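Quick notes on the structure that follows.
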Ligand SMILES: [Zn+2]
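Numbering (my numbering), first residue to last: 41 to 198.
See the structure below:
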């Protein structure tokens with residue numbers, strides 16, 4: 041699905057729901073989005089399916105322009121978005137990251153699910169923080185993060 045966006049009021053902030061794929065075809069959509077941005081905007085990535093390398097370039101250019109004279113934040117970043125933030129600091133720019141999903145796998149039954157880490161709650165403030173145990177909702181077994189915790193949260197220390 042091509043990238044689409046929708047605004048929703050959230051106090052003094054506007055939430056911008058993004059959905060679909062961020063790729064080479066997203067430049068036009070992002071250009072349109074740029075002209076409609078409010079002064080305080082939080083981008084929600086939960087419904088973003090995937091981002092390819094052209095999409096990453098388009099997003100970096102977009103967020104650089106979007107950040108000028110605006111407060112930007114990211115929430116519900118998918119594991120793929122987090123990996124971009126870790127590899128390419130410009131992907132985030134000056135935006136604050138409020139929450140991220142980490143993917144977990146159950147050691148007993150192999151069930152996968154994403155766990156949300158939120159600022160002011162369970163998001164670590166620094167690397168090396170002991171994370172709360174995550175339990176499998178299918179069998180109650182202990183779940184493990186699919187990535188190395190300190191690598192996944194490297195952006196926290198950036
Ligand atoms: Zn399980």
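Note that the Cβ used here is the ideal one computed from N, Cα and C, for glycine as well. All figures in this text were calculated on a predicted structure; none of them were measured in a lab.
Just list the beta strand (DSSP E) runs in the stretch 50 to 125, keeping only unbroken ones of 3 residues or longer that don't cross its boundaries, in chain order. Fully enclosed beta strand (DSSP E) runs of no fewer than 3 residues occupy 53 to 62, 80 to 91, 111 to 115 of the stretch 50 to 125, in order along the chain.
Bridge partners for residue 175 per DSSP, in chain order? According to DSSP, which records beta bridges pairwise, residue 175 is partnered with 182.
Taking a cut-off of 6 Å, which residues have a beta-carbon closer than that to any heavy atom of ligand 1, in chain order? Environment of ligand 1, chain-ordered: 146, 148, 149, 151, 176, 178, 179, 181, taking every residue with Cβ within less than 6 Å of a heavy atom.
Check whether residue 136 and residue 144 have beta carbons under 8 Å apart: No.
Option nearest residue 107 by Cα separation, candidates 148, 180, 74, 182: It is 74 whose Cα lies nearest to the Cα of residue 107.
Excluding the five sequence neighbours on either side, which residues of its own chain have a C-beta within less than 6 Å of the C-beta of residue 114, listed in chain order? So the list reads 83, 135, 137, once near-sequence residues are dropped.
Go to residue 131, then tell me how far its alpha helix (DSSP H) extends in each direction, as first and last residue. Annotation for residue 131: no alpha helix (DSSP H) segment contains it, and DSSP assigns it neither H nor E.
Have a look at residue 64 and residue 42 and give me their C-alpha separation to the nearest angstrom. In a straight line, the C-alpha of residue 64 is about 10 Å away from that of residue 42.
DSSP-derived helix/strand/coil call for residue 166: Coil at residue 166, not helix or strand.
Alpha carbon to alpha carbon, how far is residue 181 from residue 173? When the Cα atoms are used, residue 181 and residue 173 turn out to be separated by approximately 10 Å.
Less than 7 Å between C-beta atoms, sequence neighbours within five positions excluded: which residues of the same chain meet that for residue 66? Apart from sequence neighbours up to five positions away, the residues of its chain that approach residue 66 with a beta-carbon distance below 7 Å are 43, 95, 98, ordered along the chain.
Spatial neighbours of residue 48 within its chain, please: CB distance less than 6 Å, with the 5 preceding and 5 following residues excluded, ordered by chain position. Cβ within range, chain order: 55.
Grab me the residues of residue 148's own chain with a C-beta within less than 6 Å of its C-beta, minus the 5 sequence neighbours each way, in chain order. Cβ neighbours of residue 148 beyond the five flanking positions: 179, 181.
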